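Numbering (this note's numbering), first residue to last: 991 to 1040.
(1) The alpha helix (DSSP H) spanning residue 1023 covers which residue range?
(2) Whose C-alpha, out of 1040, 1028, 1000, is nearest the C-alpha of residue 1015?
(3) Assuming residue 1017 and residue 1002 form a contact by the criterion Cβ under 8 angstroms, report the distance between their Cβ atoms to the nearest whole angstrom.
(4) Give the straight-line distance between the Cα atoms of residue 1009 and residue 1025, rounded to the nearest whole angstrom.
(5) When the Cα atoms are used, what is the spatial distance from residue 1004 to residue 1021?
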């Protein structure tokens, strides 16, 4: 959906950017469910998580 991808602006990482396993940022800790997301959907997932 274009609205999701156009409403959030941020800097792009350098070419070849990778997140090593075990080194990703945890945006919100929980205990019942794990959601892995990237880009504009991060904000939607955080809102859904409460």
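Each residue gets a CB set at the ideal place from its N, CA and C atoms; glycine is no exception.
On a predicted model such as this, the values are computed, not experimentally measured, just so you know.
From the atom records:
(1) Unbroken run through residue 1023: none, as it is neither H nor E.
(2) 1028
(3) The beta carbons of residue 1017 and residue 1002 sit about 19 angstroms from each other, so the pair does not count as a contact at 8 angstroms.
(4) 16 angstroms
(5) 33 angstroms
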